[in-house]
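Right, one structure below, let's go through it.
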Amino acid sequence: TGMNPTPAIPSNQSSPVSRLTLGTVQFGLNYGIANQSGKPAYPICRDIIAEAFSSGIRFFDTAAAYGESEMVLGRALHELGIADQVILVSKSSPLTSEKTSPSDIKRTIEASLLGSLRHLGIESLPIYLFHRESEIGSIEVLAELRDRGLVNEIGISVDTAQGAENAVKEQLVDVIQLPYNLLDHRFTKSPWFNSSGNHPRLFARSAFLQGLLLMPEENLPPDLSSVLPVRRRIESLASEAGVRMSEICLRYCLSCPRIDSVLIGVDNVDQLKENITFASKGPLPPDLIQQIDEAVPDFPETIVRPSLWSK
Numbered sequence: 308t309g310m311n312p313t314p315a316i317p318s319n320q321s322s323p324v325s326r327l328t329l330g331t332v333q334f335g336l337n338y339g340i341a342n343q344s345g346k347p348a349y350p351i352c353r354d355i356i357a358e359a360f361s362s363g364i365r366f367f368d369t370a371a372a373y374g375e376s377e378m379v380l381g382r383a384l385h386e387l388g389i390a391d392q393v394i395l396v397s398k399s400s401p402l403t404s405e406k407t408s409p410s411d412i413k414r415t416i417e418a419s420l421l422g423s424l425r426h427l428g429i430e431s432l433p434i435y436l437f438h439r440e441s442e443i444g445s446i447e448v449l450a451e452l453r454d455r456g457l458v459n460e461i462g463i464s465v466d467t468a469q470g471a472e473n474a475v476k477e478q479l480v481d482v483i484q485l486p487y488n489l490l491d492h493r494f495t496k497s498p499w500f501n502s503s504g505n506h507p508r509l510f511a512r513s514a515f516l517q518g519l520l521l522m523p524e525e526n527l528p529p530d531l532s533s534v535l536p537v538r539r540r541i542e543s544l545a546s547e548a549g550v551r552m553s554e555i556c557l558r559y560c561l562s563c564p565r566i567d568s569v570l571i572g573v574d575n576v577d578q579l580k581e582n583i584t585f586a587s588k589g590p591l592p593p594d595l596i597q598q599i600d601e602a603v604p605d606f607p608e609t610i611v612r613p614s615l616w617s618k
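One gets our numbering by counting positions in the sequence shown from 1 and adding 307 to each.
And the structure:
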């Protein structure tokens, strides 16, 4: 079929910038607690993708559930002539509770994957994930799609420490996407996170806790106000170190050797360039990481899990 070989997936030993993944949810949906500007127009999305690629970013993250994101990403990659040089990550449509029989589930997942391949204009997807941790029980379906050459690596996006635990135990999982930021210590406490040896590749999302770490104080929802004193303490550490809060948030995630790639979402090229500049500075100094960790208490899930925030 003249398929392009899937690009080799780099290990996390490469440069900090290449460890960034461009998240594209906002190309398809109005997304994020701090989003003021809505979805960027297509030419802006294409410029963002072009800038990301020319700066060394090779991972691009999307999902069937992100509105038009896959189509926007696929169109731009083909127009730029780079579709065969990037590593695309997509996620299946979340299964509904009605889809209970194994054959129903299999049909739904396969249809979702074929839709993603069509939208992205490719014949095989480098990385394909379940969008919900509760779907781990159907991982064999993804393994079968992998055996058929429709996907290269499979895994799951998780939201809880238990979800990650279940995914790590599952031999078929190649990749886990999880939330990770300087306020959220749910995963770093787990023995599996700190053990060496063979383990799934980790993609971290939510570096800015969906904007909560950066939004103006007066816009902070009242039920998340317990974050304020801690955020102020980290802001003062940032200013002592002569860096901005957004820089400290991103470089904190890039400083974790266990994380293979860190997702960033941007609305325009300037934001992207700024994040690339931050990333290119590499990890934070160890003493600064220690000061941040000492400043952050164990927040309850209602604070660190956006899916539990009152809408």
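For glycine and all other residues, C-beta sits at the position ideal for the given N, C-alpha and C.
Small disclaimer: the values here were computed from a predicted structure and weren't measured.
Boundaries (first-last residue) of the beta strand (DSSP E) holding GLU442: Where GLU442 is concerned, there is no enclosing beta strand (DSSP E), given that its DSSP letter is neither H nor E.
Cβ-Cβ distance between ILE443 and ALA474 below 7 Å: It is a contact, given that the beta carbons lie within the stated cut-off.
Three-state secondary structure assigned by DSSP to SER568: Strand, per DSSP.
Segment limits, alpha helix (DSSP H) that includes PHE585: Note, PHE585: alpha helix (DSSP H), 576-587.
THR369, buried or exposed, once every other Cβ within 10 Å from all chains shown has been counted against 16: By the 10 Å Cβ count, THR369 comes out buried.
Short Cβ contact (7 Å threshold) for THR331 with LEU380: Yes, the Cβ-Cβ distance between THR331 and LEU380 is below 7 Å.
Sub-7 Å separation of GLY462 and SER431 beta-carbons: When the beta-carbon positions are compared, GLY462 and SER431 stay at least 7 Å from each other.
Beta-carbon separation (whole angstroms), LEU449 vs GLU377, contact threshold 8 Å: Contact flag wrong, Cβ pair sits at about 17 Å.
With 16 other Cβ atoms within 10 Å as the buried cut-off, status of ASN505: Exposed is the call here.
Between the CA atoms of THR403 and LYS413 - distance to the nearest angstrom: LYS413 and THR403 have their C-alpha atoms spaced approximately 13 Å apart.
Sequence ranges, alpha helix (DSSP H) only - wholly within the region 481-562, length at least 4: List check, alpha helix (DSSP H) in window: 498-501, 535-547 and 552-561.
Other residues of its chain near VAL393: CB distance less than 6 Å, five sequence neighbours each side excluded: The residues are ARG365 and PHE367.
Cut-off 8 Å between Cβ atoms - residues of its own chain near LEU479, not counting five sequence neighbours on either side: Short of 8 Å from the beta carbon of LEU479, and not among the five residues preceding or following it, lie these beta carbons of its own chain, in chain order: ILE446, GLU447, LEU449, ALA450 and ILE461.
Integer-rounded CB distance, given that LEU561 should sit under 8 Å from PRO590: The beta carbons of PRO590 and LEU561 sit about 6 Å from each other, so the pair counts as a contact at 8 Å.
Of the listed residues HIS438, PRO323 and PHE606, nearest to SER399 (C-alpha basis): Of HIS438, PRO323 and PHE606, the residue nearest in Cα terms is HIS438.
Assigned secondary structure, TYR349 (DSSP; H/G/I helix, E/B strand, else coil): Reduced to three states, the DSSP call for TYR349 is helix.
Any 3 or more C-beta pairs closer than 8 Å across the region 484-496 and the region 547-560: At 8 Å Cβ cutoff, the stretches touch.
Same chain only: Cβ atoms within 8 Å of LEU424, ignoring 5 sequence neighbours per side: The beta carbon of LEU424 lies closer than 8 Å to those of GLU430, SER431, LEU432 and LEU457 in the same chain, with the five residues before and after it left out.
For PRO590, three-class secondary structure by DSSP: Residue state, collapsed to three classes: coil.
Local Cβ density within 10 Å of GLU440, reported as buried at 16 or more and exposed below that: The residue in question, GLU440, is buried, as its Cβ has 16 or more Cβ neighbours within 10 Å.
Proximity below 7 Å, CB of LEU570 to CB of THR328: Taking 7 Å as the cut-off, the beta carbon of LEU570 is found closer than this to the beta carbon of THR328.
Proximity below 7 Å, CB of LEU436 to CB of SER419: Not in contact: LEU436 and SER419 (Cβ atoms no closer than 7 Å).
Every unbroken alpha helix (DSSP H) inside the region 353-400 [4 residues or more]: Correct list: 376-387.
Residues sharing a beta bridge with VAL458, DSSP: Looking at the DSSP assignment, VAL458 forms a beta bridge with LEU432.
Beta carbon of VAL611 nearer than 7 Å to that of VAL537: The Cβ-Cβ distance between VAL611 and VAL537 does not fall below 7 Å.
Bridge partners - THR328, DSSP secondary structure assignment: Bridge partners of THR328: PHE366 and LEU570.
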